[in-house]
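Going by this note's numbering, the sequence shown wraps up at 480, each residue one higher than the last.
Virtual Cβ for every residue (Gly too), placed ideally from N, Cα, C.
Have a look at the structure below, then the notes.
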Amino acid sequence: MKREPSSGRGVHVRPADARDYPLLPALEAASDTLLAAAPGVRASQAALPPVATLPEFIAARRVLVAGRPPAGFARLEEIDGQAHLEQLSAHPDAAGAGLGRALVEAALEWAREQGYATMTLCTFAGVPFNAPFYASCGFEVVQDPQAELGALRQHEAALGLDAMGKRVAMRVRLLPASAGE
C-alpha cells in the first residue's frame with residue numbers, strides 16, 4: 300500500500316481532492332503577490348501570466364496540498380518524460396512556515412515512487428524563495444535546456460517573464476545515474 304506523501308516539521312502534505320481544486324486558483328493568485336516586492340523581480344516590467352484554471356489543476360499529472368483548506372500546493376507535470384514542478388505556491392499568511400520545503404520534499408518523494416530519474420522546474424534566479432531555495436533542496440541550474448524544457452523556457456520568455464527578472468531551468472537527480480535518465 301502506497302503511503303500518502305507527507306513531510307516532517309508538522310506539515311501534512313497530501314494529494315489534492317475534489318474539495319481542494321476549486322480553492323487552488325485563488326491560492327496561486329495570493330501566492331503570486333509575494334513576487335511583487337521580491338528582490339530580483341522587476342514587477343513593473345511585466346505581469347505574471349494568469350493563474351492556472353480549475354481544468355488545468357484537475358488535468359495536472361499530480362497536485363499535492365498542505366493544509367485543509369490548502370495553504371500551499373505543488374502542481375506536477377511531465378516534461379521530457381521526467382517529473383516537472385510546474386508551480387509551487389504558498390499563501391502569504393503561511394510564508395516561512397516550511398510549507399514550500401514540505402511540498403518540494405513530498406513532490407520529490409512522489410516522483411521517485413513514480414520512477415522518474417529527475418525533476419525539473421523553471422524559476423526566478425534572483426528571488427531568495429525561488430532558485431536559491433530550490434538549490435537548497437538539491438536542484439542545480441540547467442545551463443542550456445533542450446527539448447521540451449527548452450521550449451518551456453522560450454514560452455516563458457514570450458509571456459514576458461524574463462522581462463521581470465532572470466529565469467533559469469533547474470534539475471535534481473532522483474535516482475542514481477545507473478538507474479536511468
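Item                                                                                                              : Value
Arg318 classed as buried or exposed, judged by whether at least 16 other C-beta atoms fall within 10 angstroms    : exposed
Beta-carbon proximity of Tyr415 to Leu333, cut-off 9 Å                                                            : no
Distance between Leu420 and Gly437 (C-alpha atoms, nearest Å)                                                     : 12 Å
Euclidean distance between Cα positions of Asp493 and Ile378                                                      : Since the first residue shown for the chain is 300 and the last is 480, residue 493 is missing from the structure and cannot be characterised.
Inside the stretch 337-384 only - beta strand (DSSP E) runs reaching at least 3 residues                          : 361-365, 371-378
Strand pairing of Thr417, partner residues [DSSP]                                                                 : Arg472
Bridge partners - Ala394, DSSP secondary structure assignment                                                     : None; Ala394 has no bridge partner.
C-alpha distance - Lys465 paired with Ala394, whole-angstrom precision                                            : 23 Å
Gly366 classed as buried or exposed, judged by whether at least 16 other C-beta atoms fall within 10 angstroms    : buried
Limits of the unbroken beta strand (DSSP E) element including Arg313                                              : 312-314
Endpoints, beta strand (DSSP E) assigned at Val426                                                                : Per DSSP, Val426 belongs to no beta strand (DSSP E) and is neither H nor E.
Residue environment, Gly371, which counts as buried when at least 16 other CB atoms sit within 10 Å               : buried
Inter-residue CB distance, Leu375 and Ala424 (contact presumed, cutoff 8 Å)                                       : Contact flag wrong, Cβ pair sits at about 22 Å.
Spatial neighbours of Arg411 in its chain, beta-carbon cut-off 8 Å, leaving aside the 5 residues before and after : Leu473, Leu474
His390 beta carbon less than 9 Å from that of Leu326                                                              : yes
Euclidean distance between Cα positions of Asp443 and Val471                                                      : 15 Å
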